[in-house]
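Line order of the protein sequences matches chains Z and L. Under this note's numbering, the residues of the first sequence are numbered 1 to 115, in order. Under this note's numbering, the residues of the second sequence are numbered 116 to 226, in order. Don't be surprised by glycine CBs; every beta carbon is placed ideally from N, CA and C. Remember, it's a predicted structure, so these values are computed and weren't measured experimentally.
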Amino acid sequence: DTEVTQTPKHLVMGMTNKKSLKCEQHMGHRAMYWYKQKAKKPPELMFVYSYEKLSINESVPSRFSPECPNSSLLNLHLHALQPEDSALYLCASSHQQATSGNTIYFGEGSWLTVV
Amino acid sequence: KNQVEQSPQSLIILEGKNCTLQCNYTVSPFSNLRWYKQDTGRGPVSLTIMTFSENTKSNGRYTATLDADTKQSSLHITASQLSDSASYICAPGDSWGKLQFGAGTQVVVTP
Numbered sequence: 001d002t003e004v005t006q007t008p009k010h011l012v013m014g015m016t017n018k019k020s021l022k023c024e025q026h027m028g029h030r031a032m033y034w035y036k037q038k039a040k041k042p043p044e045l046m047f048v049y050s051y052e053k054l055s056i057n058e059s060v061p062s063r064f065s066p067e068c069p070n071s072s073l074l075n076l077h078l079h080a081l082q083p084e085d086s087a088l089y090l091c092a093s094s095h096q097q098a099t100s101g102n103t104i105y106f107g108e109g110s111w112l113t114v115v
Numbered sequence: 116k117n118q119v120e121q122s123p124q125s126l127i128i129l130e131g132k133n134c135t136l137q138c139n140y141t142v143s144p145f146s147n148l149r150w151y152k153q154d155t156g157r158g159p160v161s162l163t164i165m166t167f168s169e170n171t172k173s174n175g176r177y178t179a180t181l182d183a184d185t186k187q188s189s190l191h192i193t194a195s196q197l198s199d200s201a202s203y204i205c206a207p208g209d210s211w212g213k214l215q216f217g218a219g220t221q222v223v224v225t226p
């Protein structure tokens, strides 16, 4: 099983809503990632968790709050988002943090629309 | 500033033909270089990974090359198929595990 599962696939939320994106993998990977991808642009790293601890935060606004409840799950809590936050949010995982040749497996993404 | 430049931006090729995509990067300290295939609206799929000491890596009809001295990489697609139509993204990684993704080359394979 080389699958990273993301839910929901599509989410529409208002600027005052609180919602969460969820990500799950059962490959025993100890590194998990959140990326943001705007249309026709490359993915941009947001957060990296390594062994369930936040390893990298790419100066992401606090309206995005990551959480890693256990080694298989990664959440992204969303609050007071702006329309410009509308994008494809990609979760990924790898055996270890990608400092060497570990394959990074991506989920299919969650399409977020902020209205 | 770390940069990744891919060329061409887009490419149309006939089914069965070969093509080569280019990637120049300035990521430092450089650790590894990955090529991904991404279909529209879907997550990227890993094609190849090369560390700085590797010169070439193959995965089926995909062959990647790396010249860490000149900071250049290429991805060669052999005997293209309609299913190869996608965006191909070059992603060099640094020593802290951060990947820098290029803008991608959009490949369209026509019958």
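Excluding the 5 residues flanking residue i on each side, which residues of the same chain have their C-beta closer than 8 Å to its C-beta?
i: VAL115 of chain Z; result: VAL12, MET13, GLY14, MET15, PRO83
Quick one: which chain L residues come within Cβ less than 7 Å of residue i?
i: PRO42 of chain Z; result: ILE204, PHE216, GLY217, ALA218, GLY219
Residues in its own chain within less than 6 Å of residue i by CB, not counting five upstream and five downstream?
i: LEU136 of chain L; result: LEU190, TYR203, THR220
i: TYR140 of chain L; result: VAL119, LYS186, PRO207
Helix, strand or coil: which one does DSSP assign to residue i?
i: LEU123 of chain Z; result: With chain Z covering only 1 through 115, there is no way to say anything about residue 123 of chain Z.
i: ASP182 of chain L; result: strand
i: SER189 of chain L; result: strand
i: SER198 of chain L; result: helix
i: ARG157 of chain L; result: coil
i: LYS53 of chain Z; result: strand
Can you tell me whether residue i is buried or exposed, with buried defined as 16 or more other CB within 10 angstroms of its CB?
i: ASP182 of chain L; result: exposed
i: ASP85 of chain Z; result: buried
i: TRP127 of chain L; result: First, the amino acid is wrong: residue 127 of chain L is Ile here, not Trp. Exposed, since its Cβ has fewer than 16 Cβ neighbours within 10 Å.
Give a yes or no on whether the C-beta atoms belonging to residue i and residue j are separated by under 7 Å.
i: VAL223 of chain L; j: ASP199 of chain L; result: no
i: SER72 of chain Z; j: GLU24 of chain Z; result: yes
i: GLY208 of chain L; j: SER146 of chain L; result: yes
i: GLN97 of chain Z; j: SER50 of chain Z; result: yes
Residue i versus chain Z: which residues are under 7 Å apart at the beta carbon?
i: SER173 of chain L; result: The contacting residues do not exist; SER173 of chain L stays about 15 Å from chain Z at best.
i: LYS213 of chain L; result: LEU45, ILE56
Return the chain-ordered list of same chain residues with a C-beta closer than 7 Å to the C-beta of residue i, the five sequence neighbours on each side being excluded.
i: PRO123 of chain L; result: THR220
i: GLU169 of chain L; result: LEU181
For residue i, return the contacting residues in chain L, with the cut-off set at a CB-CB distance below 8 Å.
i: LEU90 of chain Z; result: GLY158, PRO159
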